[in-house]
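Trainee: All residue numbers for the sequence shown refer to numbering that gives the first Met the number 0, where the first residue is 0 and numbers rise by one. Can you read through this structure? Questions will come right after.
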Amino acid sequence: MKKCAIFAGGDVPERNTEWLLRMLDETDLIICADCGYNHAKRLGIVPNIIVGDFDSYTDELPSGIEILQSVPDKDDTDTLMAVKHAIELGYSNIDLYGGIGGTRFEHSFANIQTMIYAYQQGCTLNMYGDSDLMIQGADDGDVIYRNRGKGVYMSVFALSESVGIDYLRGVKYPLEDYCMVQSFPIGVSNEITGETAKLRINNGLALIIITNK
Numbered sequence: 000m001k002k003c004a005i006f007a008g009g010d011v012p013e014r015n016t017e018w019l020l021r022m023l024d025e026t027d028l029i030i031c032a033d034c035g036y037n038h039a040k041r042l043g044i045v046p047n048i049i050v051g052d053f054d055s056y057t058d059e060l061p062s063g064i065e066i067l068q069s070v071p072d073k074d075d076t077d078t079l080m081a082v083k084h085a086i087e088l089g090y091s092n093i094d095l096y097g098g099i100g101g102t103r104f105e106h107s108f109a110n111i112q113t114m115i116y117a118y119q120q121g122c123t124l125n126m127y128g129d130s131d132l133m134i135q136g137a138d139d140g141d142v143i144y145r146n147r148g149k150g151v152y153m154s155v156f157a158l159s160e161s162v163g164i165d166y167l168r169g170v171k172y173p174l175e176d177y178c179m180v181q182s183f184p185i186g187v188s189n190e191i192t193g194e195t196a197k198l199r200i201n202n203g204l205a206l207i208i209i210t211n212k
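Here's what the structure looks like:
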């Protein structure tokens, strides 16, 4: 399956550089969304495409790279533009870096909504930063989340009004036959105690966040 990487303008921790470069070795297409191009420059990466209205990236744009420039007054965020373009090009496996953090929380929240959009298009969109963010739905069956070391937390949040959980196992506070609702964050910071945690959902849509202590 072809993979696309997108750089947005949030945080891309420098301590993850070696791991990130390994991930990019397995990537077929790299898109930068506006000032996400700053991350590519820092990492010495030449993207295939740069998209945006360029209200946050104001330096000279590089030559020899496809530039898709929009007007500032638009409905889509720069990151959503990048995701839509990746999908148009036939990519259904997308990694988003710099999608969370930064000084604009609203952009982090908008990128979570972008994850939902991609999921509804039949695509897998994961966000990576200080935490890893994924979406899981009923059609995904059993999903295994690996324990990457001591003090790894798995948070599960209801994105839909409710999420039916068949089971959540391999964590300090397991759940069985449970209805999770949007208005109660019972799934926050559940430590993975085994080598893996396993989650099965029978209805709804959940946001999964994996964080090292």
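Glycine included, every Cβ here is placed at the ideal spot set by N, Cα and C.
Quick check on the DSSP output: the beta strand (DSSP E) that includes residue 108 runs from which residue to which?
Mentor: Residue mapping note: residue 108 aligns to position 109 of the sequence shown, counting from 1. Here residue 108 belongs to no beta strand (DSSP E); instead the alpha helix (DSSP H) covers 104 to 119.
Trainee: Pull up the CB-CB distance for residue 217 and residue 42, whole angstroms please, since I reckon it's below 8 Å.
Mentor: As shown, the chain starts at 0 and ends at 212. That puts residue 217 outside it, with no answer to give.
Trainee: Evaluate residue 77 with the Cβ neighbour count: other Cβ atoms within 10 Å of its Cβ, from every protein chain shown; 16 or more gives buried, anything less gives exposed.
Mentor: The residue you call residue 77 lines up with position 78 of the sequence shown. Flag for residue 77 reads buried.
Trainee: For residue 187, does the count of other Cβ atoms within 10 angstroms reach 16, so buried, or fall short, so exposed?
Mentor: For the purposes of this step, residue 187 is taken as residue 188 along the sequence shown, with counting starting at 1. Exposed is the call here.
Trainee: I'd like to know whether the C-beta atoms of residue 81 and residue 5 end up nearer to each other than 9 Å.
Mentor: Start at 1 with the first residue of the sequence shown, and residue 81 comes out as number 82. Start at 1 with the first residue of the sequence shown, and residue 5 comes out as number 6. Yes, these two residues count as a Cβ contact at 9 Å.
Trainee: Compute the beta-carbon to beta-carbon distance between residue 54 and residue 71, rounded to the nearest angstrom, for a pair I have assumed lies under 8 Å.
Mentor: Counting from 1 along the sequence shown, the entry for residue 54 is found at position 55. Counting from 1 along the sequence shown, the entry for residue 71 is found at position 72. Confirmed, about 5 Å.
Trainee: Can you name, in chain order, every residue of its own chain whose Cβ lies under 8 Å from the Cβ of residue 88, other than the five neighbours on each side?
Mentor: On the sequence shown, position 89 is the one that residue 88 refers to. Excluding five sequence positions before and after residue 88, the CB atoms of its chain that fall closer than 8 Å to its own CB belong to 3, 28, given in chain order.
Trainee: Residues in its own chain within less than 6 Å of residue 118 by CB, not counting five upstream and five downstream?
Mentor: Sequence index remark: in the sequence shown, residue 118 carries index 119 (1-based). If we look at residue 118 and ignore the five residues flanking it on each side, its Cβ neighbours are 134.
Trainee: Work out the CA separation of residue 12 and residue 93 for me, nearest whole Å.
Mentor: Taking the first residue of the sequence shown as position 1, residue 93 is located at position 94. Taking the first residue of the sequence shown as position 1, residue 12 is located at position 13. For the pair residue 93 and residue 12, the Cα-to-Cα distance works out to about 19 Å.
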